[in-house]
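Novice:
Number of protein chains: 2
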Amino acid sequence: MESVAALADLPQLDRRTLTDTAYAALSDLLASGRLAPGDRLSLRRSAAAFGVSVMPVREAVSRLVAEGVLEVAPSRIIRVPILSAETFRALAETRIAVEGIAAARAAERRTETELDAIRRAEAAFRSEAECREPDRVIAVQLNRNLHFAIYSACRLAPLIEIIRRLWLKAGPVINLDLRACPERLHQGFALRRHAAALAAIEGRDGSAASAAVAADIRDAADFILSRGTLRTEYGKD
Amino acid sequence: MESVAALADLPQLDRRTLTDTAYAALSDLLASGRLAPGDRLSLRRSAAAFGVSVMPVREAVSRLVAEGVLEVAPSRIIRVPILSAETFRALAETRIAVEGIAAARAAERRTETELDAIRRAEAAFRSEAECREPDRVIAVQLNRNLHFAIYSACRLAPLIEIIRRLWLKAGPVINLDLRACPERLHQGFALRRHAAALAAIEGRDGSAASAAVAADIRDAADFILSRGTLRTEYGKD
DNA sequence: GCTAGTGATCTGTGATCACAGCGTGAACGC
DNA sequence: GCGTTCACGCTGTGATCACAGATCACTAGC
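In the order they appear, the protein sequences are chains R and H.
Mind the numbering: the first sequence is residues 671 to 907 in the working numbering, read in order.
Mind the numbering: the second sequence is residues 671 to 907 in the working numbering, read in order.
And the structure:
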């Protein structure tokens, strides 16, 4: 018999399958905006790029398709969906509702530790956004970190998972927009909303936190919709 | 060239793959409670039962695993998760939050048509529940119909999809419970909540609708938790 | 009688093959 | 010169094969 204590240290050697790895890689590509709406994907090509067979990529893509993050056209082409304005609006409304709740709960029951993490995340984003030449990729990542630092404090694992998926769906559109209009970072909209959210969470004010997050999401959504780059008509492709 | 009008009638001949079919079949098994927590699943056996190869079943299961509806143990066994009390509570809280929002929105912007559909669904459930010997399987289905008739009126496709997934996760536990305690139907808790929800939606009272749905969910969750059949300790298996 | 070892069997995971459908481009016909 | 067609290549989907690991029943040994 081996040492029980030593075994307890590695609770579960994570059985990470190639499918999981491929899923994580594709998710990252989508979340970071390196995959834009309309971009196509090929199982065989992706598999070659990852250095595996098509099987794991296929399952990963299948999951993303099921989640609506990718779509497969009747012509058997996998691509990241091009959202219509209406679809995007519905997605934003859903985000406002769901993330608003998470923020409210987070404000009401955050611990000091969680509050510290949120403070640090807010500061990190702020310092990058106020920099003279902010790195867009990093800013997006830091914004994401801040939001999820807040949502994590709601202590509702299923809710956080839901939000993760919503971000995956909205990611490509938002990142594409930010890439096209980097100056938006300077306008400080997000900074104001973040500050308001942080203050609300510090003061355990649920509805104020919810409102701040909602405003943050709505700002971005309105801006994207106002640019009019989204399809206004519906039509399968 | 064929008639354009005729083509428009069948907007998209649904390219239903075997994977989609398998997914739908498994979802139905889970939602209707024919698959209980702890039940195991084998790819090869399921494939044989469906009369297809393992491939489609494998992808369908993979999706459900990704959604947390099924889990694959390190011992390579697929099964429907046995939720701990804590996990179940978190799931119920999430449902209360999300479905509450959907109900509130539904109440505020339902059309007459949608209201009619909700009324019919409520009446259908009531007549079955008030029957002397209610059919549990049918009652579960009618309850589901009513809830989704309400949620559909919120007009937020992503939100409805989220709720669909939440129901898939909670389904086995709830159905298992209902199967064990059919008398709960007679107590009329659900009936009262449903009536309150219907009245709120008729009166376009969002917060009342939200409260009614939340109470309905909480009743069921509290009842299940009070029975103490759920694991109280956590531990991977 | 009970335990430890051991092999048959079944598991999901990954790779490979087969196929029908669609897109694309070049060559042919008018 | 321009439009049509046809063939090639690539696509996702489904089936099958290969494999490592885990379970479980059975047996040998104490």
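The beta-carbon is built from N, C-alpha and C at its ideal position, and this holds for glycine as well.
A quick note: this is a predicted structure, and the numbers were derived from the prediction, not measured.
1. At a CB-CB cut-off below 8 angstroms, which residues of chain R make contact with residue 761 of chain H?
2. With burial defined as no fewer than 16 other Cβ atoms inside 10 Å of the residue's Cβ, what is the status of residue 701 of chain R: buried or exposed?
3. I need the DSSP call for residue 883 of chain R, collapsed to helix, strand or coil.
4. Residue 730 of chain R to residue 870 of chain H, Cα distance in whole Å?
5. Taking a cut of 7 angstroms between CB atoms, which residues from the region 766–792 of chain R lie near chain H?
6. CB-CB under 8 angstroms to residue 816 of chain R, same chain, minus the five flanking residues each way: which ones, in chain order?
7. Given residue 868 of chain H, which residues of its chain have a CB within under 7 angstroms of its CB, disregarding the five upstream and five downstream residues?
8. Measuring only between beta-carbons, confirm whether residue 677 of chain H sits less than 8 angstroms from chain R.
9. Who are the neighbours of residue 832 of chain R on chain H, taking C-beta pairs under 9 angstroms?
10. Could you give the residue range of the alpha helix (DSSP H) that holds residue 833 of chain R?
11. At which residues does the beta strand (DSSP E) containing residue 730 of chain H begin and terminate?
12. Residue 743 of chain R by DSSP, collapsed to three states: which one?
13. Helix, strand or coil: which one does DSSP assign to residue 711 of chain R?
14. For residue 754 of chain R, which of helix, strand or coil comes out of DSSP?
15. Closest by CA to residue 797 of chain R, which one among R:722, R:860, R:686?
16. Please name the residue in H:723, H:873, H:706 whose C-alpha comes closest to that of residue 714 of chain H.
17. Around the Cβ of residue 743 of chain H, are there at least 16 other Cβ atoms within 10 angstroms (buried) or fewer (exposed)?
18. Helix or strand or just coil, what does DSSP make of residue 806 of chain R?
19. Would a check of beta-carbon distances place residue 736 of chain R closer than 8 angstroms to chain H?
20. Assuming contact is defined by CB atoms lying nearer than 8 angstroms, are residue 776 of chain H and residue 877 of chain H in contact in what I supplied?
21. In three-state DSSP terms, what is residue 749 of chain H?
Specialist: According to the data block:
1. By one-based count along the second sequence, residue 761 of chain H stands at place 91. Within chain R, the residues near residue 761 of chain H are 828.
2. Stepping through the first sequence from its first residue, residue 701 of chain R is reached at position 31. Per the 10 Å Cβ criterion, buried.
3. If you number the first sequence from 1, residue 883 of chain R lands on position 213. Helix at residue 883 of chain R.
4. Reading the first sequence from its first residue, position 60 is the one you call residue 730 of chain R. Reading the second sequence from its first residue, position 200 is the one you call residue 870 of chain H. Cα-Cα distance, rounded: 43 angstroms.
5. 767, 768, 771
6. Walking along the first sequence from the start, residue 816 of chain R turns up at place 146. Hits under 8 angstroms: 788, 791, 792, 794, 795, 864.
7. Residue 868 of chain H sits at position 198 when you count from the first residue of the second sequence. Once the five neighbours on either side are set aside, the close Cβ partners of residue 868 of chain H are 788, 789, 792.
8. Here residue 677 of chain H is taken as the residue at index 7 of the second sequence, counted from 1. Note that residue 677 of chain H scores a pLDDT of 39, beneath 50, so its modelled location is shaky and nothing firm can be said.
9. In the first sequence, the residue the question calls residue 832 of chain R occupies position 162. Chain H residues near residue 832 of chain R: 764, 768, 832, 835, 836.
10. Counting from one through the first sequence, the residue named residue 833 of chain R turns up at place 163. Where residue 833 of chain R is concerned, the enclosing alpha helix (DSSP H) stretches over 827–850.
11. Along the second sequence, read from residue 1 onward, the residue named residue 730 of chain H stands at position 60. No beta strand (DSSP E) contains residue 730 of chain H, which is instead part of the alpha helix (DSSP H) from 724–736.
12. What you label residue 743 of chain R is simply residue 73 of the first sequence in a count that begins at 1. Note: residue 743 of chain R maps to strand in three-state DSSP.
13. Translated into the one-based positions of the first sequence, residue 711 of chain R becomes position 41. It is a strand residue.
14. Translated into the one-based positions of the first sequence, residue 754 of chain R becomes position 84. Note: residue 754 of chain R maps to strand in three-state DSSP.
15. Counting from one through the first sequence, the residue named residue 797 of chain R turns up at place 127. With distances taken between Cα atoms, residue 797 of chain R lies closest to R:860.
16. Counting from 1 along the second sequence, the entry for residue 714 of chain H is found at position 44. Here the closest residue by C-alpha is H:723.
17. Position 73 of the second sequence, counted from the first residue, corresponds to residue 743 of chain H. With fewer than 16 Cβ atoms within 10 Å of its Cβ, residue 743 of chain H is classed as exposed.
18. Position 136 of the first sequence, counting from 1, holds the residue named residue 806 of chain R. Helix.
19. Taking the first residue of the first sequence as position 1, residue 736 of chain R is located at position 66. Chain H, which has a Cβ nearer than 8 angstroms to the Cβ of residue 736 of chain R, makes this yes.
20. For this step, residue 776 of chain H is matched to residue 106 along the second sequence. For this step, residue 877 of chain H is matched to residue 207 along the second sequence. Contact: no.
21. On the second sequence, residue 749 of chain H is found 79 positions in, with the first residue counted as 1. Three-state result, residue 749 of chain H: strand.
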